[in-house]
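As you go down the protein sequences, you meet chains B and E in turn. As numbered in the working numbering, residues 1 to 499 make up the first sequence, in order. As numbered in the working numbering, residues 1 to 490 make up the second sequence, in order. Positions of the beta carbon are idealized from the N, C-alpha and C atoms, including for glycine.
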Amino acid sequence: MVTFLPLLSVLALLLLRSDDHVWIRRIALTASLAEFAVSLLLLRGFDSSNAAYQFTEYHHWIGESIHYHLGVDGISLFLVLLTTFLTPLAILCSWESIHVNVKGFFISLLVIETSMIGVFLSLDLFLFFVFWELTLIPMYFMIGIWGHEHRIYAAVKFILYTMFGSILMLVAILWLYGLSGTFDLDGIQQYLAATPLPHMTELLLFGAFFLAFAIKVPLFPLHTWLPDAHTEAPTAGSVILAGVMLKLGTYGILRFCVPLFPVGAAEMAPLIAVLAIIGIVYGALVATVQTDLKRLVAYTSVSHLGLVVLGIFAFQTTAIQGALYQMLNHGVSTGALFLSVGMLYDRRHTHDIKQFGGLATPMPVLMSFFLFVALSSLALPPLNGFIGEFLILVGTFLGHHVWASVAASAAVLSAIYLLWAYQRVALGELTVERNRTLPDASRRERIILVAVSLVILFMGIASPLFTRRMEASVGNVVTRVNAALNLPQSASVPPREKP
Amino acid sequence: MLGEQLLNLRRVAPELLLCVAGIVVMIVDPFVGPARKRWLGWLAVVGALVALFSVHIAYDFRGPAYDNLISTDTFSVFVHAIVILAAVLAILGSLDYLEREHIQRGEYYALILFATAGMGILAGANELVTAFIGLEMSSISTYILVGFRRRSEVSNEASMKYFLLGSFATAFFLYGIAMVYGATGTTYVDKVQGMLEGPGPIPALAMLGLGLMFVGLGFKVVIAPFHVYGPDVYQGAPTPVTALLSSAPKVATFALMLRVFYVSFGMVSDFWFWAVWISAVLTMFIGNLAALVQTNVKRMLAYSSIAHAGYILVGFAASTTLGVAAVLFYLAAYVLMKVGAFLIVTHLGQQGEKRLDVQDYAGLGSTEPVLAACFSLFLLSLLGLPATGGFLGKFFAFQSALDSHSAHGTAVIWLVVIAAINSVIGAYYYLRVMISMYFSEPAKDYVPSSVAPALGFAIFVAALGTLYLGLLPAQVLEIARTAADSLPLH
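Written as structure tokens, this is what we have:
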């Protein structure tokens, strides 16, 4: 139900005349807001003490083995909310900046929303894969049609990279089906719990799944598509890409890679953690030297998501909770950063930092918000970013002192690149004369910025409201991993099974 | 006796009706003035549609016909339906094309109908010489069709090339039949198996015969290393003929291959597995890598259909009932998307087939949004994106191949991995057409003509079918499984 609401509105949009821009925007916005409201209802009905999937839907689809099976648990709940929260903002921010083929743009945006929610909710591997691939095409169009200068190169790079990863995942899914005879996530988990895989098979399967997700995350050294795609995409595209689409990768790791193949995951953890740490430091260093503001924000994603991956592979409840929390934070904060950068772009049609400078004088409101979201992104307490980073580092430190110590440098580095960028953009004397007359944030932009800032603040102060609902499901993952690790040979003590 | 005859006639009803329709078209042809030749096309459409519905009659009275020369089982009925549907779509696509190229003639439609009848025989043949007759019927008709643009050098060259190499390939097939007969004393597909099962090793002569048949049939389905003629012929032929050629004969010949390899030589599947494996890998790589560098969309689609033959071979390699079902489903999806794609190329080629380059498609997304959307659908389906028939075709083919890994070991896993990598290579050239359609500015000096209703309808049917197979495949899959079960496998 939640999944297909945007798709319904796509049908409505298709019926509209393509030059009726006002109504296209209005309908798209209404639909996405309604979707957000529906997903809030989900939150209300969610039982946080229950680790199992809730609100499940189950129908036969193809043959006996493929089902339409959806459900939500503590891991996916907030990611769905994040998606439904960011989509209206993305629609609002492209209110005036999209002029070409407006109808197509909003249709793409809503199709992306549907397919991303579908990815988060699918409990059938076949269905999951269908939604996973469906996210690609609208995003491809979004970058390729409404993007900036090198958009075609970026779009092709984005789609080929991701497809390469996902096609091997398809082979792995088929292989799992061959072994267990089902595509259902629960069914596969039960099968794997009862019959441990041969070591090599488990490693290969883990590798195939992980490669797909690692490209999406993106983990160093598979990240090279990201700066291009993020920089070339229109603002709404970057917000959705950074805000939600990267989380598809980390979500996949948390939902599939780790619980299904705990032995493989544990074995590869040191290697992955090292890559993640390299990503953290490397992303931060590269971000520091960027002269393009959007590219700078794009590289922060490499750094932040490295931290998330590190948190997951620390296999501590705290760290995984932190990783999950950081996924949400990153979605909101980086999304907000891209929104602010997009607002600057709407005014000057450039991302070059040299073209800005001293902007706080002509537009104090916009710059204050920019500082606020930058601070949240660099994890200043009591804003949201702090909670996530802190939980990850504490959780990682429990098991791996060295990892946590190196990763902690991210906190310093992110302060450097973000504050320095802020200084070059906003502080000092006006360096470019024509910037003097730039208008400050409009009412529409203020609505966007206030909404984001409120969420940032709220997530910083009221984090238990979130973590409490995640706890049971995350605990479930951790128990499963620990059970598999302590007793790798013994099948007689099955891990806690989901009903 | 009479009852027996009637039963036989019912079992070959589709072929019979196709031939009758073809003959009627030929007879009426001289009495129709040049301005009204188009009506012959409609006559052919009606004939083919009647044949399509008569598939039901054949299904209701299924069983062996004419002393078991032809076996009308669910398998053959399924293939008939696909082949005749492809023919109907191709004829619909030809009506305005022929007008545009000033080659509107009655023979054209009659030849398509005869070719389709031949393919029907191929699909149902239970005896190798009968199969040979079917193969010749379809081949000779298509040789002429390929050269139908008489004033075009490319078309003539294509026809000549196809004819010479095609005759060569049929000779291989015939030699193969002779050797199998020499080794086993029978040409009945379902009896070869019993003859081979006797004591002692399997005679080398039979294996040689099988190899020769693989060459002959491999040529017709355009798999490497017998694919060399393919792109030239596909590019030179009139585009609606290419639509037909790249779909229906492939389907029918794959059906015969399934019968011969699975039913007659099922027990030696370890032997031919490797031939299929190597051929599949070569076909996929050659098809995809060559398509990467094409700038002519028609030629690119020709290479893509080579690549698709490779994916079909992946399902073929499984040598299980599941494999047969997967191949059948793939063929159904493949026909719809390929015919659809070529029909769009037919329209966009404009007079003299001049506008075939990727650049000529620039900006189609804004000038012709519906057509561009349909073309994107076919391309994405060829690429194998979920929610399209092409994806599920690949999915079932890969699944059935992996499923047979207890029999074939890791080789089959590698085969699937190679196929998977290939489908990503393929993504690049399909997406390139979409880049041109959506991300480039339309040419200023060119306004495409509107789509003719008949052609538009054919494209619409193909698009609908592609979506249907992608979203609600359960029913067709079920039929494909029943069809696979109806083959007498060992």
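Integer-rounded CB distance, given that residue j should sit under 8 Å from residue i
i, j, result
"threonine 74(E)", "threonine 482(E)", "5 Å"
"leucine 292(E)", "tyrosine 428(E)", "6 Å"
"phenylalanine 226(E)", "valine 233(E)", "Not really, about 13 Å apart at Cβ, beyond 8 Å."
"valine 77(E)", "tyrosine 59(E)", "5 Å"
"leucine 378(B)", "glycine 385(B)", "7 Å"
"valine 341(B)", "leucine 293(B)", "5 Å"
"phenylalanine 398(E)", "leucine 174(B)", "5 Å"
"phenylalanine 183(B)", "aspartate 228(B)", "Going by Cβ atoms, the distance from phenylalanine 183(B) to aspartate 228(B) rounds to 34 Å, so no, they are not a contact pair."
"phenylalanine 492(E)", "tyrosine 143(E)", "Nothing can be reported for residue 492(E): it is not among the residues displayed for chain E, which extend from 1 to 490."
"alanine 13(E)", "serine 54(E)", "4 Å"
"serine 48(B)", "arginine 468(B)", "6 Å"
"leucine 226(B)", "alanine 336(B)", "Rounded, the Cβ-Cβ distance is 18 Å, inconsistent with contact."
Minimum Cβ-Cβ distance from residue i to chain E less than 7 Å
i, result
"glutamine 489(B)", "Low per-residue confidence applies at glutamine 489(B): pLDDT is 38, beneath 50, and the placement is therefore not dependable, though the value from the model is reported in the following sentence. With 7 Å as the cut-off, glutamine 489(B) does not count as an interface residue toward chain E."
"glutamate 133(B)", "yes"
"phenylalanine 158(B)", "no"
"isoleucine 107(B)", "no"
"tryptophan 23(B)", "no"
"phenylalanine 261(B)", "no"
"valine 171(B)", "yes"
"isoleucine 145(B)", "yes"
"isoleucine 277(B)", "no"
"phenylalanine 206(B)", "no"
"valine 481(B)", "no"
"isoleucine 152(B)", "yes"
"leucine 413(B)", "no"
Contact set for residue i: own chain, Cβ-Cβ below 8 Å, skip 5 residues either direction
i, result
"phenylalanine 460(E)", "Cys374"
"leucine 212(E)", "Phe172, Phe173, Tyr175, Gly176, Met179"
"leucine 2(E)", "none"
"glutamate 136(E)", "Gly118, Thr170"
"glutamine 294(E)", "Met300, Tyr303, Tyr429"
"glutamate 197(E)", "Met267"
"leucine 254(B)", "Ile75, Ile312, Ile320, Ala323, Leu324, Val477"
"serine 492(B)", "Any reading at serine 492(B) is ruled out, since the residue's pLDDT is 35, under 50, leaving its predicted position unreliable."
Closer than 7 Å to chain B by CB, residue i
i, result
"valine 435(E)", "Looking at the sequence shown, residue 435(E) is not valine but isoleucine. True, the Cβ-Cβ gap to chain B drops below 7 Å."
"leucine 348(E)", "no"
"aspartate 96(E)", "no"
"phenylalanine 460(E)", "no"
"leucine 244(E)", "no"
"leucine 402(E)", "yes"
"valine 417(E)", "yes"
"alanine 309(E)", "no"
Own chain, CB closer than 6 Å to residue i, minus 5 neighbours either side, in chain order
i, result
"serine 423(E)", "Gly384"
"serine 155(E)", "Gly147, Arg149, Gly236"
"proline 494(B)", "Low confidence applies to proline 494(B): its pLDDT is 39, below 50, so where it sits in the model is not reliable enough to give any reading."
"alanine 333(E)", "Gly389, Gly390, Gly393, Leu469"
"alanine 172(B)", "Leu205, Ala208, Phe209"
"serine 152(E)", "none"
Contacts that residue i makes with chain B (C-beta to C-beta distance below 8 Å)
i, result
"valine 77(E)", "Correct list: empty, because the minimum Cβ distance to chain B is about 21 Å."
"proline 473(E)", "Ile62"
"serine 366(E)", "Asn101"
Close beta carbons around residue i, own chain, < 7 Å, minus the five adjacent residues each side
i, result
"lysine 161(E)", "Tyr229, Asp232, Val233"
"valine 324(E)", "Leu258, Tyr262, Ala484, Leu487"
"proline 382(B)", "Gly460, Ile461"
"tyrosine 53(B)", "Gly71, Val72, Asp73, Leu123"
Chain-ordered neighbours of residue i on chain E, where CB pairs are closer than 8 Å
i, result
"glutamine 286(B)", "Note that residue 286(B) corresponds to valine in the displayed sequence, not to glutamine. Near valine 286(B) there are no residues of chain E at all, since even the closest Cβ is about 27 Å away, more than 8 Å."
"isoleucine 137(B)", "Leu380, Leu385"
Cross-chain neighbours of residue i in chain A, by beta carbon under 7 Å
i, result
"serine 423(E)", "Protein chains B and E are contained in the structure displayed, whereas chain A is not."
Partner residues on chain B for residue i, Cβ-Cβ distance less than 9 Å
i, result
"glutamine 399(E)", "Leu174, Tyr177, Gly178"
Contacts of residue i in chain E (Cβ-Cβ under 7 Å)
i, result
"methionine 163(B)", "Val424, Ala427"
"phenylalanine 141(B)", "Tyr438"
If the cut-off is 8 Å on Cβ atoms, which residues from the stretch 174-192 of chain B count as contacting chain E, listed in chain order? Result list: Leu174, Trp175, Tyr177, Gly178.
Give me the subset of the stretch 367-395 of chain E whose CB atoms are less than 9 Å from a CB atom of chain B, sorted by chain position. Pro369, Ser376, Leu380, Leu383, Gly384, Leu385, Pro386, Ala387, Phe391, Leu392, Lys394, Phe395
In the stretch 113-130 of chain B, which residues sit with their C-beta less than 7 Å from some C-beta in chain E, listed in chain order? If the cut-off is 7 Å between Cβ atoms, the stretch 113-130 of chain B has Phe129, Val130 near chain E.
Return the residues of the stretch 433-457 of chain E that lie within a Cβ-Cβ distance of less than 7 Å from chain B, sorted by chain order. Ile435, Tyr438, Phe439
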